[in-house]
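Protein sequences appear in the order of chains A and B.
Per numbering that gives the first Met the number 0: the first sequence = residues 0 to 301.
Per numbering that gives the first Met the number 0: the second sequence = residues 0 to 296.
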Amino acid sequence: MNFNKLLWSDVERTPQFTSKIELLNVKYDEDYEEIMDYFRAIVKSGEISERVFDLTSIIIQKLPSNYNAYFIRRKCLKQMNLDLSKEMEFINEVTISNQKVYQIWEHRRQVIEQLNNCKGEIEFLHKIFDEDNKNYHGWSYRVWLCEKFNLYAEELIDVQYYLDEDIGNNSAWNYRYFLLSKIPFDFNTELEYIKNAIRIKDENEASWNYLRGWFKTFKFKNDQENPYKTFIQYNLKDFNLIEFLNEIQYNNRFALSLRIQCLLQDGKYQDAISICEVLQNVDSIRIKYWQYLKTQINGLIQ
Amino acid sequence: MQQQLTIEKHEEFIKKTLYQQKLPCKMDSLKALILYCCVTTLKLLKSEYQCEPIVEFLKHLEVQPHQYRASTFDDSEPSIVNSYCAISVLKQIKQKIEVNKESALNYVRSLIQEDGNIRSSVSSNDADLRMVYSALAYLDLLEIDTSEFQQTVGKFILTCQNQDGAFGLRPNLESHCGASYCAVSSLIILKLEIPNKSSLIEWLVMRQCKMTGGMAGRINKIPDSCYSFWIGWNLRLLGLDLLDKERLMEFLQHCQSNYGGFSKYPQSMPDPIHTLHSLLGILENEDYDYVHAILLN
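Listed below in structure tokens is the structure:
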């Protein structure tokens, strides 16, 4: 959208404050400087009009993190009863070239909330994840969308696409956990699914982390339960995971760490310590951590 | 370790950002944050700079007592992240602040949502652990008691914990190092226990990359220099020193620019945010209390 000076001839420009302090100077081009002068003027006058709305479009395209422009834009949308599906087109366009700006995602949530219709949203997210399949803003928005419009069942089918494409995508694994925490499912089937995922690529931390998440971890003395968040967590003992771990190459650090959990829960502290020692060698960048864990376990023996 | 870094170059880079360089337009809404990064870095490097212009500059961002906006670019409303940055800068340059406790408290109260989450500004719905940490650290810096938020905000923070022990920015979001730091330091300010500590610790140390020595912010992401801070200091807040510092230095040296400053990834453009967080990540232990004082008090 182009800036049309003629529309603003009746408004006095409000320039940026000037002072002798030369600190963190930003280079504006002349056009932008003039646009901002009118913007400051309308922030003061409180004008709501078509030209103000168009001005916010220009500003947001130039500086998509300008939160103030969004507040005024939403006032225009509401008071002038503008077409919100048109607004979604604008948001899509800005988001595609600014995929990691918090403000544009927040604006999207507010407009979708008003529209109360999520048609086309999942398709839009597909586009976002085509460029970056771990975009935190995109996945956060998806969690919100799913809760708001109750999309759990269909999303469970859709998330499969992301895991098939990249089994190391931890954002997708996290989303899967979120979905399953909301709808009934058969854990034995899920467990087989995770085991297979690990067999495909046993150096993939995301699938190991997901597997562990379903089980209670050993509680040391300083470990409190979270009073406000209960996780669905099973007992390691009930699922014979050792058998599965035996399938995996012994030196795999994720398998070894899970083995420690199994041994601790069986009270086999000495064996757990031996595994910490193995890890000190095979995972030497974390030598200090495995020593620390050893000390913690030793504390249980005495 | 510090000798290997070109301290003077970093100082030069930061001073250039502060005084000379014309910043790109997109940084216009980040001025308070960039000022915070520049001043804190200069303080860490024990370098000299003039305080009066900074105080004067911040006066132009102060909309109401202790409430600061992002920039001078418009008459935007104050936000909690900018207010935290501004107050931290004033404390660091030892500017005497006449604290109006009730007004600062009312400001934070006006941002709290029903679920205990905190909004970035009054008209915004952008709310997550970044703003929660900013608000609590802001009050803490102003030496204001935060106990009235222990129940509401404390509960929100705990609902952001995941089954792996780490935290996401909001409930059900993927575990993230930045969010985990904000959660842990907020819980400490609120004098609350950190649940599932053993899982959290293991999750944090696992973020150090075997190949490069750098720190990644999430599982299966590539290392980024600023997580040296978010992870390193999270562990320090828990009283632990478990990272391989030498390997971390190796990574950070690749992020160091010949012209000073650190970039996010090796061989990219440096910026003040990654410069500060890289430097904080490689400080020697004796600086612990000093940095803690900068960050939280």
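The C-beta atom is built at its ideal place from N, Cα and C for all residues, glycine as well.
Taking 8 Å as the cut-off, the beta carbon of Q98 (chain A) is found closer than this to the beta carbon of N134 (chain A). Per DSSP, the unbroken beta strand (DSSP E) holding V62 (chain B) starts and ends at E61 to Q63. Taking C-beta separations shorter than 6 Å and ignoring five residues to either side along the sequence, the partners of Y226 (chain B) in its chain run C176, M214 and G216, following chain order. Listed along chain B, no residue sits closer than 8 Å to D9 (chain A) by beta-carbon distance, the nearest being about 20 Å off. Judged by their CB atoms, V110 (chain A) and L83 (chain A) are nearer to each other than the 8 Å cut-off. When secondary structure is reduced to three states using DSSP, V25 (chain A) falls in the strand class.
Straight-line measurement puts the Cα of Q149 (chain B) at about 14 Å from the Cα of P226 (chain A). The segment 267-280 of chain A makes no contact with the segment 235-243 of chain A, as fewer than three CB pairs between them are under 8 Å. In the assembly as shown, S109 (chain B) is an exposed residue. Its beta-carbon has fewer than 16 other beta-carbons within 10 Å. Under DSSP, Q66 (chain B) takes part in a beta bridge, and its partners are B:Q63. Under the Cβ criterion of 8 Å, H175 (chain B) is counted among the residues facing chain A. Against C24 (chain B), the close residues of chain A are V25, K26, Y27, D28, Y31, K61 and L62, in the order they occur along the chain (beta-carbon pairs closer than 9 Å). Not flagged as an interface residue toward chain B: S84 (chain A), since no C-beta distance is shorter than 8 Å. By the Cβ rule, the segment 161-178 of chain B does not count as touching the segment 133-147 of chain B, because fewer than three pairs are nearer than 8 Å.
L22 (chain B) carries a strand assignment under DSSP once its states are collapsed to helix, strand and coil. If you draw a straight line from the Cα of N80 (chain A) to the Cα of T229 (chain A), it is about 43 Å long. Looking at the DSSP output, Q160 (chain B) bridges to B:F166. If you draw a straight line from the Cα of C145 (chain A) to the Cα of K215 (chain A), it comes to about 27 Å. Straight across, the Cα-Cα distance linking I34 (chain A) with L54 (chain A) is about 7 Å.
For the segment 202-261 of chain B, the continuous alpha helix (DSSP H) assignments of 4+ residues that do not extend past its boundaries occur at 226-236 and 244-254, in sequence order. Between the segment 24-44 of chain B and the segment 288-301 of chain A there are fewer than three inter-stretch CB-CB distances shorter than 8 Å, so the stretches are not counted as touching. Inter-residue distance for F38 (chain A) and I143 (chain B) is about 36 Å (C-alpha atoms, whole angstroms). For D53 (chain A), the enclosing alpha helix (DSSP H) has its first and last residue at E49 to K61.
Contact annotation: R50 (chain A) and L6 (chain A) have beta-carbon atoms nearer than 8 Å. An exposed status is given to P183 (chain A), since fewer than 16 other beta-carbon atoms sit within 10 Å of its beta-carbon.
Beta bridge pairing from DSSP links D30 (chain A) with no other residue. Nearest neighbour of N65 (chain A) by Cα position, chosen from B:K25, B:V107, B:W232 and B:L189, turns out to be B:K25. Under DSSP, I117 (chain B) takes part in a beta bridge, and its partners are B:I111.
For I156 (chain B), the closest of B:D114, B:L140, B:L203 and B:S75 by C-alpha to C-alpha distance is B:D114.
Chain order gives the chain B residues near P226 (chain A) as L157 and P194, where near means a beta carbon separation below 8 Å. When C-beta distances to chain A are compared with 8 Å, the residues of the segment 38-63 of chain B below that value are P52, I53, E55, F56 and H59, in chain order.
Approximately 18 Å separates the beta-carbon atoms of P271 (chain B) and I20 (chain A); this is outside 8 Å, ruling out the contact. Closest in alpha carbon position to V204 (chain B), among A:E242, A:I284 and A:D131, is A:I284.
The criterion of a C-beta distance shorter than 8 Å is not satisfied by L251 (chain B) and I218 (chain B). Interface flag for N81 (chain B) against chain A is unset, since no Cβ pair is found closer than 8 Å. In chain order, M205, I218 and N219 make up the part of chain B whose C-beta sits under 8 Å from the C-beta of E204 (chain A).
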